[in-house]
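Structure first, then comments.
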Amino acid sequence: MDLTQVASIIEMGLLCREGPCPENKLLGLFKPEEKVTAKNVKDALAEIEKRWAGRALELRKSASGWQLRSLDMHAERLRGFLNAAPPRLSRPLTEVLAIVAYRQPVTRGDIESIRGVSTSVSQLAVLEDLGWVEVTGKRDTPGRPFEYATTAKLLDDLGLQNLEELPPLESFFEEAEAAKLDETPADGAAE
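UniProt numbering applies: residue 1 is where the sequence shown begins, and numbers increase by one.
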């Protein structure tokens, strides 16, 4: 089977599949007698990536595998067309998610000490229901509190392959500092 045929079959599989697909699963599209190898799949993915360059979809790798997705610049238009709003997170939920993402594994107590306010079990439950956070174990301390970490679904939904692709934590502090400077009265007088 030549590269064009392998690429066409994989492309068809990705178009029909909902969500990312790992490379080893893509091999399942082929019969053993077709002798398609992992290298053939990698080459075919590179071919598909070239085919879709400059078009409305792109081949993107995330934490869970490969997926044909719409370009980010079309996301808002598609949400309106499909009536699919992204989940709206409150500021406290966003803070909790950020703490889990940057400091995982964390306990609820860790989150509370970083935020300086209490964190309810229901806040973590909302993030668990979205599939973005999960319990990964229990800390070996008194009370054996649950430890939380982010999931591959969060990375998939954000279009990331790993957490290292998140912006550096320092950039948020710089933005917060800049915002404080913008709020300072022009004459420097305190209100």
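Backbone N, C-alpha and C fix where the C-beta goes; we use that ideal spot for every residue, glycine too.
Pairwise C-alpha distance: A101 and T150
Residue numbering aside, residue 150 sits at position 150 when the sequence shown is read from its first letter. Residue numbering aside, residue 101 sits at position 101 when the sequence shown is read from its first letter. Answer to the nearest angstrom: the Cα atoms are 6 angstroms apart.
Mind checking which residues open and close the beta strand (DSSP E) that includes E58?
Numbered from 1 along the sequence shown, position 58 holds the residue referred to as residue 58. Unbroken beta strand (DSSP E) run through E58: 57 to 62.
Applying the 10 Å Cβ sphere with the 16-neighbour rule, what's the burial state of L26?
Within the sequence shown, residue 26 is the residue found at index 26, counting from 1. Flag for L26 reads buried.
Within 10 Å of its beta-carbon, does residue 208 have 16 or more other beta-carbons around it, so buried, or fewer, so exposed?
As shown, the chain starts at 1 and ends at 191. That puts residue 208 outside it, with no answer to give.
Verify whether the separation of the beta carbon atoms of I10 and A44 is less than 8 angstroms.
By 1-based counting over the sequence shown, the position of residue 10 is 10. By 1-based counting over the sequence shown, the position of residue 44 is 44. The answer is yes: Cβ separation under 8 angstroms.
Close beta carbons around A38, own chain, < 8 angstroms, minus the five adjacent residues each side
To locate residue 38, count along the sequence shown from 1; it is residue 38. Once the five neighbours on either side are set aside, the close Cβ partners of A38 are E23, N24, L27.
By DSSP's criteria, W66 is part of a beta bridge. Which residues make up the other side?
The residue given as residue 66 occupies position 66 in the sequence shown. According to DSSP, which records beta bridges pairwise, W66 is partnered with C21, K61.
Helix, strand or coil for F30? Go by DSSP, reduced to three states.
Within the sequence shown, the letter at position 30 stands for residue 30. It is coil, neither helix nor strand.
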